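Notes for the one structure printed next.
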């Protein structure tokens with residue numbers, strides 16, 4: 022994908038569409054992220070719901086425009102909820118996003134994440150270590166391993182291979198964010214170093230990506246616009262805060278106040 | 022109820038009584054609300070406890086002055102906890118408040134909320150959509166429907182009918198808040214539009230209502246004072262913040278700093 | 022322990038070591054504390070993980086440098102998680118800290134806390150009421166009671182007796198904090214009154230103590246440095262905030278910005 026493929030105008034128009042349509046996003050997310058995620062969604066222009074009760078999740082997901090599945094604090098209730106939720110999206114055709122938090126730290130979580138990645142998420146958001154774990158990690162003798170031998174774990178090439186294998190768009194966040202559907206690839210620059218010191222920043226960003234997928238069917242475009250929006254808000258928050266504690270409220274403020282054109286103008290997509 | 026029935030002095034005296042007695046409020050609430058609710062209660066002058074473990078809830082409720090039952094993120098554990106908690110309040114005679122969050126979005130939750138509304142909550146706090154759902158919604162062919170045919174769903178009249186049917190005080194929040202016990206009715210104006218962009222604002226306000234019920238047995242008065250207090254704090258927060266992110270800390274600050282007479286003077290009860 | 026035993030230099034060096042090593046702290050904590058605790062750990066210089074799923078906890082604890090066990094919102098899942106977690110620390114020899122929140126309010130929780138206190142926590146952090154409850158409370162006819170008859174419940178003497186009985190370091194927080202391993206005893210002064218109005222301040226502080234135990238094996242020193250750090254950050258937050266709502270972000274900012282020498286210089290350990 023060439024740099025001019027996603028213009029400032031596209032970014033601005035997509036953010037404006039999100040705020041106009043105010044999509045409902047149902048979130049199955051971890052206990053550290055639930056409040057912050059709901060506030061991020063509300064400020065950015067979405068309506069959140071957060072129940073993880075498997076009995077209720079089908080009704081909530083049926084009424085939602087998109088779904089977030091975040092694997093943090095993955096208890097048996099959440100595991101059941103995820104299964105019930107994905108069944109509904111398979112019926113309704115609504116997009117869902119997978120955030121395989123800390124899969125490199127728990128074997129059970131890794132096994133579940135590998136299965137979920139094959140259940141047609143519109144996008145998978147992760148960092149380098151999580152991608153490496155999902156693709157078999159350092160040792161490539163795992164029979165389920167889908168990383169080609171010559172590809173470095175967690176690399177751009179492996180992300181593209183994983184996108185093709187899962188028929189999903191892979192969004193690998195880090196100092197520079199990388200988006201690929203296996204054919205088209207993009208880098209997003211920007212943001213602020215304090216993001217790494219605030220819990221659930223990535224989790225909340227992935228919830229917002231679910232919101233963007235509800236208004237933009239091309240997951241590469243939705244992901245790029247979402248990350249550009251988050252980066253712009255983080256840059257504002259960095260200027261209006263004194264440390265990681267005041268960064269969070271300032272970030273939520275910026276998600277609300279930033280105008281679409283400002284977000285478009287500040288986007289660094291290449 | 023006429024406007025002069027709840028005076029600025031009554032508001033001020035009731036807030037002062039809350040801060041002096043510092044009631045213990047046990048909260049069974051949703052995962053997005055738990056931290057914010059605890060901080061709202063502490064700042065306003067109450068002592069919160071938040072466990073949802075059915076084994077422990079009876080001990081906590083027995084030692085509390087009031088109980089909040091909020092139906093958000095309603096998992097099986099919370100369902101058991103609610104049953105155990107209400108049994109204790111039935112024995113101790115301590116007031117409890119029902120907050121039937123999102124009952125219009127989940128059939129299971131709606132069925133439970135209908136039963137709980139009949140278990141003698143001192144007050145039920147909800148919005149127009151939740152009230153309409155509880156009373157049978159748009160279609161009035163539900164055999165359990167208790168809304169008279171000629172009454173619009175969610176309206177003032179239906180709120181009064183629901184208060185009589187449940188022997189409770191109905192507190193319907195929105196642009197203008199409406200309180201009724203079926204005989205007396207009040208409107209509360211004020212607050213700030215940013216409240217709608219902060220998750221759990223309503224949930225935390227209902228927890229505070231439980232606190233007020235511990236110090237004021239007339240649920241219409243307790244509700245009016247609580248909403249006037251919340252509105253005053255929200256107005257202060259609106260002036261001292263830059264968006265939804267900085268609104269929350271400013272709101273909690275204001276709950277702590279506002280003097281009873283200021284709250285009384287700013288109350289718009291009619 | 023005499024006042025000069027823990028110098029400003031020791032405090033500064035220990036804080037510097039925490040930030041350099043960035044220990045991983047796995048937290049089994051309550052739902053009101055989870056987000057705030059994660060942010061406190063990140064700002065202070067640790068890497069938090071927060072799952073309470075018993076299936077995953079062993080993998081997380083095996084990869085962590087220290088463990089927090091907090092008994093708030095103690096549901097069956099957390100009870101299982103605690104058992105699984107402590108088994109792993111017994112194997113790995115990594116330190117863990119017990120925070121028996123509200124044990125005086127729930128018989129079930131008290132029984133569990135008494136057992137856990139005997140499972141070799143490096144430190145037990147509690148307040149006066151919790152200590153009194155753990156040692157048998159006012160009535161000393163409990164056969165399990167380990168408080169000598171002549172010792173007042175919750176007192177310095179009883180804390181020392183409890184430290185000897187549990188082979189742990191007891192950290193009793195309050196207006197003045199008191200640390201004892203039964204032989205050496207210390208007082209820590211400082212902090213800010215607003216701390217009592219912010220939920221989970223104590224819980225987050227205990228999580229940070231787990232982090233310090235990962236870099237300082239002497240639990241008396243680790244506790245003193247941790248409390249001095251928290252007190253210094255709270256004093257900064259008191260100056261940079263307008264009430265309990267803005268205190269929390271300012272506290273997290275200060276945990277990040279305070280230089281080791283500043284913390285050492287402001288420590289009041291005697």
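Residue numbers (our numbering), protein chains in the order written: chain W, 22 to 291; chain C, 22 to 291; chain L, 22 to 291. Think of the CB as a built atom: it goes at the ideal place given N, C-alpha and C, for glycine as much as any other residue. Here the structure is a predicted model, which means the values were calculated and not measured.
In chain L, what lies closer than 9 Å to residue i by C-beta?
i: residue 71/C; result: 51, 52, 53, 93, 94, 220
i: residue 98/C; result: 96, 97, 98
Just the C-alpha distance for residue i and residue j, rounded to the nearest angstrom, thanks.
i: residue 146/L; j: residue 50/L; result: 13 Å
i: residue 240/C; j: residue 233/W; result: 43 Å
i: residue 110/C; j: residue 116/C; result: 7 Å
i: residue 236/L; j: residue 224/L; result: 20 Å
i: residue 162/W; j: residue 156/W; result: With a pLDDT of only 49 at residue 162/W, under 50, the local geometry of the prediction cannot be trusted, and no value is derived from it.
i: residue 285/W; j: residue 71/W; result: 30 Å
i: residue 160/L; j: residue 173/L; result: Note that residue 160/L scores 47 on pLDDT, short of 50, meaning its location in the model is unreliable; the coordinates nonetheless yield the value given after this. Those two C-alpha atoms are separated by around 11 Å.
i: residue 244/W; j: residue 144/W; result: 8 Å
i: residue 82/W; j: residue 41/L; result: 44 Å
i: residue 133/L; j: residue 114/L; result: 22 Å
i: residue 104/W; j: residue 135/W; result: 14 Å
i: residue 171/L; j: residue 248/L; result: 29 Å
i: residue 282/L; j: residue 39/L; result: 14 Å
i: residue 106/C; j: residue 108/W; result: 34 Å
i: residue 33/W; j: residue 238/W; result: 16 Å
i: residue 21/W; j: residue 257/W; result: Only positions 22 to 291 of chain W appear in the structure, and residue 21/W is not among them; the question remains open.
i: residue 29/C; j: residue 37/C; result: 12 Å
i: residue 68/C; j: residue 203/L; result: 32 Å
Does the separation of the CB atoms of residue i and residue j fall below 9 Å?
i: residue 178/W; j: residue 291/W; result: no
i: residue 154/C; j: residue 131/C; result: yes
i: residue 74/W; j: residue 120/W; result: no
i: residue 21/W; j: residue 206/W; result: What is shown of chain W runs 22 to 291, which leaves residue 21/W out entirely.
i: residue 268/C; j: residue 213/C; result: yes
i: residue 61/W; j: residue 226/W; result: yes
i: residue 59/C; j: residue 220/C; result: no
i: residue 35/W; j: residue 197/W; result: no
i: residue 201/W; j: residue 231/W; result: no
i: residue 271/C; j: residue 280/C; result: no
i: residue 195/W; j: residue 148/W; result: yes
i: residue 122/W; j: residue 151/W; result: yes
i: residue 192/C; j: residue 31/C; result: no
i: residue 95/W; j: residue 129/W; result: yes
i: residue 102/C; j: residue 124/C; result: no
i: residue 277/L; j: residue 175/W; result: no
i: residue 56/L; j: residue 208/W; result: no
Cβ closer than 7 Å: which chain C residues qualify as neighbours of residue i?
i: residue 278/W; result: 264
i: residue 273/W; result: 264, 265, 266
Contact check, residue i vs residue j under 8 Å by CB: the rounded distance?
i: residue 85/C; j: residue 46/C; result: 6 Å
i: residue 87/C; j: residue 44/C; result: 6 Å
i: residue 64/C; j: residue 137/L; result: Residue 64/C to residue 137/L, Cβ: 32 Å. No contact.
i: residue 89/W; j: residue 228/W; result: 5 Å
i: residue 266/L; j: residue 274/C; result: 4 Å
i: residue 80/W; j: residue 189/C; result: Going by Cβ atoms, the distance from residue 80/W to residue 189/C rounds to 26 Å, so no, they are not a contact pair.
i: residue 255/C; j: residue 216/C; result: 5 Å
List the residues of chain W that residue i touches, going by C-beta distances under 7 Å, in chain order.
i: residue 123/C; result: 70
i: residue 76/L; result: 129
i: residue 59/L; result: 53, 220
i: residue 84/L; result: 126
At 7 Å on the CB atoms, spell out the chain L contacts of residue i, in chain order.
i: residue 80/C; result: 126, 127, 128
I want to verify the contact list: residues of chain W whose CB lies under 8 Å from the CB of residue i, in sequence order.
i: residue 270/C; result: 270
In chain C, which residues lie with their C-beta within 9 Å of the C-beta of residue i?
i: residue 56/L; result: 56
For residue i, which residues in chain W fall below 9 Å Cβ to Cβ?
i: residue 287/L; result: In chain order: nothing, as chain W lies at least about 18 Å away.
So with CB distances below 8 Å, who are the chain C contacts of residue i?
i: residue 152/W; result: Residues of chain C passing the Cβ test: none, with the nearest at roughly 28 Å.
In chain order, which continuous runs of the beta strand (DSSP E) of length 3 or greater are located wholly inside the region 105–161 of chain W?
-> 117–120, 144–147
For the region 29–58 of chain W, which segments carrying the alpha helix (DSSP H) assignment without a break, of at least 4 residues, lie completely within its bounds, in sequence order?
-> 29–42
Which ranges does the beta strand (DSSP E) cover as unbroken runs of at least 3 residues, wholly within the region 192–259 of chain C, from first to last along the chain?
-> 198–201, 206–210
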